[in-house]
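In what follows, a structure is listed as structure tokens, so that the remarks can point back to it.
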Amino acid sequence: MINSDKKILEKVGFLKVIATLQLSTVFSKPLIYNTKQLIDKKSLEAEYNNIEKCISKIKDEQFFSDFTHLLSRFRDIRNTFTRCKAGEILDEVELYEIKSFVITSFDLKNMYDSCDFKLHDITLLDFKNIYKLLNPMHNKTESFYIYNEYSQKLSEIRLNKSELDKILFKEKDLEKQKDFFKRRAYLINEEKSEEFKVRKMLSSEISKYAEELLFFTSNIGKLDLIFAKAKLASDYNMCHPLILTEKKIVMKNGIHPIIKAEVIKRHGVFYPISIDVSTGSTVITGANMGGKTVILSIVALNYIMASLGFFCFADTFEFKPLNFISFLYEDTSSLETGLSSFGAEITKLKEILERLANEDGLLLIDEFARGTNPIEGSNLTKALVCYLNKFSSISILSTHYNGVCNLAKQHYQVKGLKAVDFKAIKNSFNTEKNYLELINNLMDYTLEEVAKDAPIPKDALNICSLMGLDEKIIKIADELYREV
Numbered sequence: 001m002i003n004s005d006k007k008i009l010e011k012v013g014f015l016k017v018i019a020t021l022q023l024s025t026v027f028s029k030p031l032i033y034n035t036k037q038l039i040d041k042k043s044l045e046a047e048y049n050n051i052e053k054c055i056s057k058i059k060d061e062q063f064f065s066d067f068t069h070l071l072s073r074f075r076d077i078r079n080t081f082t083r084c085k086a087g088e089i090l091d092e093v094e095l096y097e098i099k100s101f102v103i104t105s106f107d108l109k110n111m112y113d114s115c116d117f118k119l120h121d122i123t124l125l126d127f128k129n130i131y132k133l134l135n136p137m138h139n140k141t142e143s144f145y146i147y148n149e150y151s152q153k154l155s156e157i158r159l160n161k162s163e164l165d166k167i168l169f170k171e172k173d174l175e176k177q178k179d180f181f182k183r184r185a186y187l188i189n190e191e192k193s194e195e196f197k198v199r200k201m202l203s204s205e206i207s208k209y210a211e212e213l214l215f216f217t218s219n220i221g222k223l224d225l226i227f228a229k230a231k232l233a234s235d236y237n238m239c240h241p242l243i244l245t246e247k248k249i250v251m252k253n254g255i256h257p258i259i260k261a262e263v264i265k266r267h268g269v270f271y272p273i274s275i276d277v278s279t280g281s282t283v284i285t286g287a288n289m290g291g292k293t294v295i296l297s298i299v300a301l302n303y304i305m306a307s308l309g310f311f312c313f314a315d316t317f318e319f320k321p322l323n324f325i326s327f328l329y330e331d332t333s334s335l336e337t338g339l340s341s342f343g344a345e346i347t348k349l350k351e352i353l354e355r356l357a358n359e360d361g362l363l364l365i366d367e368f369a370r371g372t373n374p375i376e377g378s379n380l381t382k383a384l385v386c387y388l389n390k391f392s393s394i395s396i397l398s399t400h401y402n403g404v405c406n407l408a409k410q411h412y413q414v415k416g417l418k419a420v421d422f423k424a425i426k427n428s429f430n431t432e433k434n435y436l437e438l439i440n441n442l443m444d445y446t447l448e449e450v451a452k453d454a455p456i457p458k459d460a461l462n463i464c465s466l467m468g469l470d471e472k473i474i475k476i477a478d479e480l481y482r483e484v
């Protein structure tokens, strides 16, 4: 898929998003998981324009219902086409399935041709020759039979067998019946032999179109996927990404649909994210519980969507396609390999930095060095920010360490609980559950660009006080804050 590992796609929720795509055929699913990241503007714009064109048809509910139903009628007989291409002889059921496939292809081509647009990289071929071959009676049924019209000899054999059956029905003499049954068995073998010759001939003729039939299944999948993308874009009012020449990511009111749905389910408020970042390092700071990880996931998800030719979950999304995306975060699964979370983090970072030396990418780092002591963690994060400033890649880091943002090229801060009057609300609730719900409801997850030296919010102390931590501890911590 995109130039990143599956863990990143899972981490940012991309796999959950594409699982919601309303696909109608089996031909489209492999295309999703083998989708390549697109770098050049022309290819990306072609994908976006395809989606744009289909959105108008999505809104025609009758058309979309008929279209998806038609797609669902296609059976997966790619193995039959492959066998035919290899010169194998098809059986009667397989020939019937090919005839049914071809008839359905006519219906799809007619429906597609009725649209007032043509989609990039979609070609629906015509298989009239195959239809004529499998329909010597020139009727309009999907059924198939080894018709007499295929062979004069076959017709004569069947006629003889039919006449013999009539005689057998009337004959009472057992000895004569035995002779007739022998004769009938011989005719059946002759019939099967002639039918085999017909099937061999039909298979040979169809094999000439096997490559085109396989190509057609690929186009069915592409068409299905384009309409599924358009349906997703229509359902979420997604935006057409704008491709920049400058290495930037500019997102206005971006969301993560899976996380937003979960927040709304628990009666919370989801805050869209806006951000404008360029090359070098951008640091995001904010209180604990401030949603910094979610923010990184929103940026990553929408960048991946845009890079794979999808619309984005935002009002606007502008970006420069880069060679890869990496997301460095605490990976608890590292314990299974015997590495500490910090050790695994450093191992992964080394791989990313080696790649940054040769390619431009998008690097997202969530709370780097949280697995080591604060002094070393702070210094390592500062060093990393300075180092990343030297590259022409885009790096976005979240951190709770002081002084890191001073070294970054840009500093964003989660608004968090800045506007909350803790004294006014402290006596309004008296249970931990109430306080947690209150904090979640009051937390403002939107971003604001601030000065590099803007202090990191100290909401943790207020949260501890609100949740009833011993006042003596609160007082000591407050005094220590003032000493810093």
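Numbering follows UniProt numbering, in which position 243 of the sequence shown is assigned residue number 243; successive positions increment by one, without gaps. For every residue, glycine included, the Cβ atom is placed at its ideal position computed from N, Cα and C.
Check, Outcome
"Residues of its chain near Lys57, where Cβ-Cβ distance is below 6 Å and the 5 sequence neighbours each way are ignored", "Phe63"
"Rounded C-alpha distance that separates Phe27 from Thr217", "6 Å"
"Three or more C-beta pairs below 8 Å linking the stretch 80 to 90 and the stretch 183 to 191", "no"
"Closest residue to Ser326 among Ile473, Leu232, Asn373 and Ile396 (Cα-Cα distance)", "Ile396"
"Touch test, the stretch 266 to 281 against the stretch 35 to 54, Cβ-Cβ under 8 Å, three pairs minimum", "no"
"Close-in-space but distant-in-sequence residues of the same chain around Asn237 (CB under 8 Å, 5 per side omitted)", "none"
"Per-residue DSSP class, three states only, for Thr446", "strand"
"Closest by C-alpha distance to Lys458, when choosing among Leu417, Gly13 and Glu449", "Leu417"
"Nearest-angstrom Cα separation, counted from His120 out to Leu223", "10 Å"
"Three-state class that DSSP yields for Tyr412 in the structure shown", "strand"
"Buried/exposed call for Ala424, threshold 16 Cβ in 10 Å", "exposed"
"C-beta atoms of Gln410 and Thr282 nearer than 7 Å", "yes"
"Supposed close pair Ile258, Val17 - CB separation, criterion 8 Å", "7 Å"
"At least 3 beta-carbon pairs within less than 8 Å: the stretch 366 to 385 vs the stretch 312 to 324", "no"
"Terminal residues of the beta strand (DSSP E) in which Asp276 lies", "Ile273 to Ser278"
"8 Å contact criterion, which Cys386 and Ala454 should meet: CB distance rounded", "Incorrect: roughly 19 Å between the Cβ atoms, too far for contact."
"Cα-Cα separation, Val250 to Leu362", "13 Å"
"Collapsed DSSP secondary structure at residue 497 in the structure displayed", "In this structure the chain extends from 1 to 484, so residue 497 is not present and cannot be described."
"Pair within 7 Å by beta-carbon distance, Phe227 and Cys54", "yes"
"Whether Thr123 touches Phe74 by CB criterion (7 Å)", "no"
"For Glu10 and Lys348, the rounded distance between their alpha carbons", "17 Å"
"Residues of its chain near Tyr412, where Cβ-Cβ distance is below 6 Å and the 5 sequence neighbours each way are ignored", "Ile284, Leu447 and Glu449"
"Cut-off 8 Å between Cβ atoms - residues of its own chain near Met137, not counting five sequence neighbours on either side", "Tyr147 and Glu149"
"Ser143 in three-state terms, based on DSSP", "coil"
"Residue interval of the beta strand (DSSP E) (run including Phe319)", "Thr316 to Phe319"
"Secondary structure of Leu108, DSSP reduced to three states", "helix"
"Assigned exposure category for Val414 - 16 Cβ within 10 Å defines buried", "buried"
"Three-state secondary structure assigned by DSSP to Val263", "helix"
"Inter-residue Cα distance where the pair is Gly13 and Ala261", "13 Å"
"Ser326 (DSSP reduced to helix, strand or coil)", "strand"
"Helix, strand or coil at Gly361 according to DSSP, with G and I counted as helix", "strand"
"Chain-order list of residues whose beta-carbon lies under 8 Å from that of Leu164 (same chain, five-residue window excluded)", "Phe180, Arg183, Arg184 and Leu187"
"Where the alpha helix (DSSP H) through Met305 begins and ends", "Lys292 to Ser307"
"Cβ-based burial, Lys292 [other Cβ within 10 Å; buried from 16]", "buried"
"Span of the beta strand (DSSP E) around Gly254", "Lys248 to Gly254"
"Sequence-distant residues of its chain with Cβ nearer than 6 Å to Lys247 (five each side left out)", "Thr279 and Lys320"
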